[in-house]
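Chemist: Below are the structure tokens for one structure; questions will follow.
Chains as they are written, first to last, in my numbering: chain A, 1 to 377; chain B, 1001 to 1266.
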């Protein structure tokens, strides 16, 4: 019981009675003939760090700009904390945005940039600058307060932009590719910094990104977008382990897809007949009809490789190692089956292997039914 | 071949462009009344210039015209640039784009003549501007100066990151506030260099001013031109030297401002 209560408190989306903090209702945005966002419904809860993930042009930035008030939806409405935002201009919304270009005012010092929002609120100068100073301390830039933006490095600019967007303590912070302009090392450090700040301030974040690793690391939940619509919403693990379509399975991580037809149901397993692998056993899953066209999806790391035929394996095939890439903590393989199909598999290198599977080895490749996800679209 | 050809070409180019100007400056310090004969160094003609009421009066008129028309042109040109860059697509946009830059390529004689005809018919029908003089020259100069300002302001606005303005809106500033807090400071260097360019262009103009000016409102270039027709006198050299100095300073400031903006990459 206690465990369930904790889960509901920190993961309100699992509680059907929870009230969403931000409610996007049937939002569509058209630019002339082009539909950038089409009938999106989205509910985001207080204190979430929600990632909108998708390739460029999928409509994620447009959705963010509608939340900020820079674009008016063609249809639908947005509620923030139960207030309809339709007629509210960006300067009156309880949201702030961190721009991809950071959009720091070039003619103002760092300190002035951060204090700008407070001064527009009508706060006294001394108080505004004191608050700005606190924010700069939080992002560890208090020493650079009097610099101009063009005297800062990329990482410093990013932190000024974050401080400026947070200083008014918005109900909702919108971040457009917040780490996009940083190099890899700095990006990884900043990810955790961002999570720390978000948790300590308790502000709801919506982050737009095209980087799946970033989304997986940051997010409480991810909304995967494609062609202006949301393909799937879920916790990172859910998205990875139980994708609802071939698109999501392929977009998050990599995957082997085998087309087939539902053949017969055994008590414990369902058999799928595929042209490439023959019969594949998968776990019993609701909503599969006999003869239905489906795809069996297997992540590369779910395959086991062995030289001998594995004992008692339900799904096992023979092949030859065509390519391999040793990365250190793991090795990636491309294995050619007898019928010519290439399979991506990877093995984590947990032990120092004296005789690893290598090029041109004949191997058995097997996968447990539980590790296979059946997709019907 | 490459060793001497390129430097020589450069030197020849500079000589071709600047030798006349250099000789003009040198001869402005000539003691002799004969323009082509060197009679020793002197600042005599500068002194004479200061005593020449006609030249001083016309210089004053020129400065007034240049100041007024550069200022009006900066306002109009900036507004035009805003309309073209920020209003998106609207009926007549292409026409406006063409019209706003047309004065850049229009032969001055035609601009001058058409403005003259306009002023005459306006005077007949509206009663304003009464006669031709300072006002008509200012109006005429504003028309072509505005085109230059519009071009400069347009390129600055195009390269300006629009999310700067959005960020200010997002932080709680209304549209008017955003214009004065963000947009204007960011494009100010471009507007200053536009103003300086307009100022020098107006100071320099002879043809259009000749068409639209009236009695008692001769600009400096008009006076110089009429003096030269009677023979080149050394005080004209002195005057020209001063003008070159002015223009050089203005252009240098404008160029410096533009470069400063470029190097910021904003």
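The C-beta atom is built at its ideal place from N, Cα and C for all residues, glycine as well. Just so we're clear, the structure is a prediction, and the values are computed from it rather than from any experiment.
Please list, in chain order, all residues of the same chain as residue 168 of chain A whose beta carbon is under 8 Å from its beta carbon, the five residues on each side excluded.
Modeler: 96, 117, 118 and 121
Chemist: Between the region 284 to 294 of chain A and the region 229 to 244 of chain A, can you find at least three pairs of beta-carbon atoms closer than 8 Å?
Modeler: no
Chemist: Can you name the residues that DSSP bridges to residue 205 of chain A?
Modeler: For residue 205 of chain A, which the question treats as bridged, DSSP gives the partners A:49 and A:173.
Chemist: On the DSSP bridge assignment, give the partners of residue 346 of chain A in chain order.
Modeler: A:332
Chemist: Taking C-beta pairs closer than 7 Å, name the residues in chain A that residue 1182 of chain B reaches, listed in chain order.
Modeler: 105
Chemist: Answer yes or no: does any C-beta atom of chain A fall closer than 9 Å to that of residue 1198 of chain B?
Modeler: no
Chemist: State yes or no: is the C-beta of residue 223 of chain A within less than 9 Å of the C-beta of residue 50 of chain A?
Modeler: yes
Chemist: Taking only beta-carbon atoms, is residue 1173 of chain B less than 9 Å away from chain A?
Modeler: yes
Chemist: Just to confirm the assignment: which complete alpha helix (DSSP H) runs, minimum length 4, are found wholly within the region 119 to 180 of chain A?
Modeler: Entirely contained in the region 119 to 180 of chain A, the alpha helix (DSSP H) runs reaching 4 residues are, in chain order, 125 to 138 and 154 to 166.
Chemist: Return the CA-CA distance between residue 1244 of chain B and residue 54 of chain A, expressed in angstroms with no decimal places.
Modeler: Each residue's alpha carbon lies about 60 Å from the other.
Chemist: Strictly below 9 Å CB to CB, what residues from chain A border residue 1190 of chain B?
Modeler: Neighbours of residue 1190 of chain B on chain A: none; closest Cβ ~13 Å, over 9 Å.
Chemist: Can you name, in chain order, every residue of its own chain whose Cβ lies under 6 Å from the Cβ of residue 33 of chain A, other than the five neighbours on each side?
Modeler: none
Chemist: Is it right to say residue 326 of chain A is buried, meaning 16 or more other beta carbons lie within 10 angstroms of its own, or is it exposed?
Modeler: exposed
Chemist: Under DSSP, the alpha helix (DSSP H) around residue 1077 of chain B begins and ends at which residues?
Modeler: Residue 1077 of chain B -> alpha helix (DSSP H) spans 1053 to 1086.
Chemist: At the level of alpha carbons, what is the spacing between residue 1128 of chain B and residue 1158 of chain B?
Modeler: 38 Å
Chemist: May I ask you to list, following chain order, the residues of the region 1148 to 1166 of chain B that have a beta carbon less than 8 Å from some beta carbon of chain A?
Modeler: 1161, 1163, 1164 and 1166
Chemist: Can you tell me which of the three DSSP states residue 1182 of chain B falls into?
Modeler: helix
Chemist: First and last residue of the beta strand (DSSP E) that includes residue 356 of chain A?
Modeler: Here residue 356 of chain A belongs to no beta strand (DSSP E), and DSSP marks it neither H nor E.
Chemist: Got a sec, what are the start and stop residues for the alpha helix (DSSP H) residue 1119 of chain B sits in?
Modeler: 1108 to 1125
Chemist: Three or more C-beta pairs under 8 Å: does that hold for the region 314 to 326 of chain A against the region 277 to 287 of chain A?
Modeler: yes
Chemist: Does residue 69 of chain A come within less than 9 Å of chain B when only Cβ atoms are used?
Modeler: yes
Chemist: Alpha carbon to alpha carbon, how far is residue 300 of chain A from residue 254 of chain A?
Modeler: 7 Å
Chemist: Regarding residue 110 of chain A and the ligand ADP, is the C-beta to nearest heavy atom distance less than 8 Å?
Modeler: Within the structure as shown, the ligand ADP is missing, as the structure has no ligands at all.
Chemist: Assuming residue 270 of chain A and residue 262 of chain A form a contact by the criterion Cβ under 8 Å, report the distance between their Cβ atoms to the nearest whole angstrom.
Modeler: 6 Å
Chemist: Shortest alpha-carbon distance to residue 112 of chain A belongs to which of A:75, A:165 and A:23?
Modeler: For residue 112 of chain A, the nearest C-alpha among the options comes from A:165.
Chemist: Name the chain A residues whose beta carbon is nearer than 7 Å to that of residue 1169 of chain B?
Modeler: 90 and 91
Chemist: Can you find a C-beta in chain A that's less than 9 Å from the C-beta of residue 1177 of chain B?
Modeler: yes
Chemist: Determine the burial state of residue 2 of chain A: buried for a count of at least 16 other Cβ atoms within 10 Å of its Cβ, exposed for fewer.
Modeler: The predicted model places residue 2 of chain A with a pLDDT of 44, which falls under 50 and marks its position as unreliable, so this point remains unresolved.
Chemist: Express the C-alpha separation of residue 190 of chain A and residue 376 of chain A in angstroms, rounding to a whole number.
Modeler: C-alpha of residue 376 of chain A to C-alpha of residue 190 of chain A: approximately 38 Å in a straight line.
Chemist: Classify residue 325 of chain A as helix, strand or coil using the three-state DSSP reduction.
Modeler: strand
Chemist: Using a 10 Å radius around the Cβ and a threshold of 16 neighbouring Cβ atoms, would you call residue 1222 of chain B buried or exposed?
Modeler: buried
Chemist: Is residue 1018 of chain B buried or exposed, if buried means 16 or more other CB atoms sit within 10 Å of its CB?
Modeler: exposed
Chemist: What does residue 258 of chain A pair with, by DSSP beta-bridge criteria?
Modeler: A:296
Chemist: Would you tell me roughly how many angstroms separate the C-alpha atoms of residue 91 of chain A and residue 17 of chain A, rounded to the nearest one?
Modeler: If I take the Cα positions, the gap works out to 32 Å.
Chemist: Nearest to residue 179 of chain A by CA position, among A:238, A:304 and A:192, is which residue?
Modeler: The residue with the shortest Cα to Cα distance from residue 179 of chain A is A:192.
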